[in-house]
Amino acid sequence: MVLYAQGARQHTATVQLQLPPAEVYAAMKRVLQNRPDLKLINSNERRHLIEVMQGDKSVTAQATALDGNLTLLFVWTDAGESGDTGRDVALRAVNELCRELAVQCKMRDQ
1 MVLYAQGARQ
11 HTATVQLQLP
21 PAEVYAAMKR
31 VLQNRPDLKL
41 INSNERRHLI
51 EVMQGDKSVT
61 AQATALDGNL
71 TLLFVWTDAG
81 ESGDTGRDVA
91 LRAVNELCRE
101 LAVQCKMRDQ
């Protein structure tokens, strides 16, 4: 289940995955490799964190271990002046990663 929340400047989506953080991070890198429209800003393998930009939009994703094979994925977005909403950017990012991992994610507003 994907939980979504909106802050003053950023939008956040979280999802709990039955996978180890290293596997989630590897999937994030695969998505990035398949998306030449995304510009890598920062990547930290030890923290399982990736930050990318697409025009005015920014997405930061971090896979955090909850247990050996349980990960909490955080996705923070800023839609900038793109015309998209931060909510849409966050949910598209989570859905794309869930497809790459071949897992089903359902959204719930918080």
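For the sequence shown, our numbering assigns the number 1 to the initial residue and increments by one for each residue that follows. Built from N, CA and C at the ideal position, the CB exists for glycine as well. Since this is a predicted model, take the numbers as computed values, not measurements.
(message) So, does the region 15–24 touch the region 69–81, judging by three or more C-beta pairs under 8 Å?
(response) Segments in contact, yes.
(request) Pick helix, strand or coil for Asp78, following the three-state DSSP scheme. (result) Sequence index remark: in the sequence shown, residue 78 carries index 78 (1-based). Three-state result, Asp78: strand.
(request) Sort Asp67, Gly86, Gly68 by Cα distance to His11 and report the nearest one. (result) Here the question's residue 11 lines up with position 11 in the sequence shown. Residue Gly86 is the option with its Cα nearest to His11.
(message) What does the alpha-carbon distance come out to for the pair Gly55 and Gly68?
(response) Residue 55 sits at position 55 when you count from the first residue of the sequence shown. Residue 68 sits at position 68 when you count from the first residue of the sequence shown. So the two alpha carbons sit approximately 36 Å from each other.
(request) Rank Lys106, Leu97, Gln104, Cys105 by C-alpha distance to the C-alpha of Arg30 and give the top, closest one. (result) Taking the sequence shown and counting its residues from 1, the one referred to as residue 30 is at position 30. Just measuring C-alpha positions, the residue of Lys106, Leu97, Gln104, Cys105 sitting nearest Arg30 is Leu97.
(message) Within the continuous beta strand (DSSP E) that includes Val59, where are the two ends?
(response) Within the sequence shown, numbered from 1, the residue matching residue 59 stands at position 59. Run containing Val59: 57–67, per the beta strand (DSSP E) assignment.
(request) Out of Arg46, Arg47, Leu32, point me to the one whose CA is closest to Met40's CA. (result) Looking up residue 40 in the sequence shown gives position 40. One point to set straight first is that residue 40 is Leu, not Met, in the sequence displayed. Comparing Cα-Cα distances from Leu40 to each of Arg46, Arg47, Leu32, the minimum goes to Leu32.
(request) Apply the 10 Å Cβ neighbour rule to Asn34 and answer buried if 16 or more other Cβ atoms are within range, or exposed otherwise. (result) Within the sequence shown, the letter at position 34 stands for residue 34. So Asn34 ends up on the exposed side.
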